[in-house]
Each structure stands twice: as structure tokens, then as C-alpha cells.
Amino acid sequence: MTIKYWLMKTEPTTFSIDDLAAQVDQTTCWEGVRNYQARNLLRDEIEVGDRVLFYHSACKQPAVVGTAVVCKGGYPDPFQFDRKSKYFDPKSDPSNPRWYLVDIKLERIFDTPVTLAQLRDRASLKEMVLLQKGSRLSVQPVRKKEFDTVVKLAKSL
DNA sequence: GCCAACGTTGGC
DNA sequence: GCCAACGTTGGC
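Read in order, the letters of the first sequence are residues 1 to 157 in the UniProt record's numbering.
Structural data, given as C-alpha cells:
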């Protein structure tokens with residue numbers, strides 16, 4: 001199976017790439033995605049070994065700040081059944097879970113983040129899902145070429 | 001099934 | 001803080 005490429009958004013005030021680096025094994029579960037399109041990707045598409053662009057959103061400098069690797073494939077998000085969690089979903093049936101997640105492990109923190117503005121400056125990245133008007137998906141597919149371009153850009157900055 | 005109202009996302 | 005864009009909810 002060939003690996004696939006994704007971009008995952010997070011608000012750094014909630015969970016930043018430095019927080020990821022501080023986890024045991026630099027690994028975390030990506031809980032709390034409550035959007036069906038993203039759910040379908042987490043449940044059906046994203047597999048162990050896939051690569052991830054780690055993106056900081058809703059902050060001063062929106063940017064891809066590093067990369068990660070998927071280290072556990074789609075499985076039901078346990079927080080949907082936890083009454084005390086803010087991600088608790090009373091409508092989710094444990095025998096047919098509504099929400100899924102994956103685990104990711106830090107690969108690299110870019111020395112220099114690749115900002116949203118820099119992504120927009122690259123003609124070859126024009127078609128990135130992230131850059132499309134109104135695009136809000138918090139887990140989204142990335143083409144291999146786009147992934148490679150962003151990594152290369154980070155190294156050149 | 002339509003669609004208005006509402007809530008959220010996220011750049012600026 | 002503003003607001004455009006999008007997703008979800010729920011009455012009909």
C-alpha cells in the first residue's frame with residue numbers, strides 16, 4: 001500500500017507542535033474531530049505510515065510548523081463516550097461509533113514554519129485544499145507533490 | 001426534502 | 001473583533 005499525505009489543523013493555544021514534542025514517545029491521539037467529512041478520512045482513508053503536515057490555525061501566524069507520521073490507524077474516538085469530556089456525544093452509539101481518530105507521532109519540527117502567506121505565494125501549491133476559498137476541513141488530503149514542496153520550502157527558509 | 005436560524009471556523 | 005463561508009439543526 002502506498003502511503004498518503006494529509007494536513008491536520010490545530011490551534012496552538014489548544015495543542016501545538018511543541019505539545020506534541022512533549023508527549024510520551026512524541027505521540028498523541030488526534031481526538032475531537034467532529035466533522036463528517038474529516039471523520040470519513042480518519043475512519044476509512046488514513047493509515048499507519050501516512051505522512052502529515054502539522055498546521056497551526058487561528059493564531060497570529062498560521063503556518064505549517066512540522067511533519068508527523070500516522071502510527072495508529074482509524075479507531076473509535078473514546079472521548080465521544082466520556083460524559084465528562086467536552087467531546088462527549090450522547091447521540092453516538094458504542095456499537096456503531098460516530099467519531100474516529102488516529103494517532104500521530106512527531107517526525108520533525110521545521111526550523112522555520114512555512115506560513116500561510118508563503119504557501120499562497122507558491123504557484124505550484126495553488127490547488128492545495130488548505131488554500132481553497134472557504135476551506136475549513138481540519139483533516140484534509142494533500143498531494144505528494146504538495147507535501148514535498150512544503151517540506152522543501154521549509155528547508156530553504 | 002427545503003430552508004431559515006444558528007453555531008463554528010479561521011483569516012485578517 | 002469582524003465577518004465570510006460553511007456545517008448542523010429542526011420546524012414545516
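All C-beta atoms in this analysis are idealised placements derived from N, C-alpha and C, irrespective of residue type, glycine included. Since this is a predicted model, take the numbers as computed values, not measurements.
Cutoff 6 Å; reference residue i; Cβ partners in own chain excluding five residues on either side
i	result
Leu106	Leu20, Ala21, Gln26 and Ala68
Gly66	Ile17, Phe54, Arg108, Ile109 and Phe110
Ser85	Phe79
Proximal residues to residue i (C-beta, below 8 Å), its chain only, five neighbours per side dropped
i	result
Phe88	Phe79, Gln80, Phe81 and Asp82
Lys145	Ser124
Asp50	Ile3, Lys4, Tyr5, Trp6, Val69 and Val70
Backbone CA spacing between residue i and residue j [nearest angstrom]
i	j	result
Lys126	Arg120	7 Å
Val24	Pro76	21 Å
Ile3	Asp93	31 Å
Leu153	Pro12	21 Å
Ser95	Gly74	16 Å
Phe147	Met8	12 Å
Pro90	Arg39	17 Å
Val33	Gln132	20 Å
Leu41	Ser135	16 Å
Arg98	Val142	24 Å
Own chain, CB closer than 7 Å to residue i, minus 5 neighbours either side, in chain order
i	result
Val71	Looking at the sequence shown, residue 71 is not Val but Cys. So the list reads Thr27, Val48, Asp103, Ile104 and Lys105, once near-sequence residues are dropped.
Met1	Glu47
Whole-angstrom C-beta distance between residue j and residue i, which should lie under 8 Å
i	j	result
Gln37	Leu137	6 Å
Trp6	Val52	5 Å
Val129	Gln118	Not really, about 17 Å apart at Cβ, beyond 8 Å.
His56	Thr112	Actually they are not in contact, since the Cβ atoms of His56 and Thr112 sit about 13 Å apart, beyond 8 Å.
Glu31	Leu101	5 Å
Unbroken stretches of the beta strand (DSSP E), 3 residues or longer, contained in the UniProt domain "EVE" (4 to 152): 5 to 10, 27 to 29, 51 to 56, 63 to 76, 100 to 115 and 139 to 142
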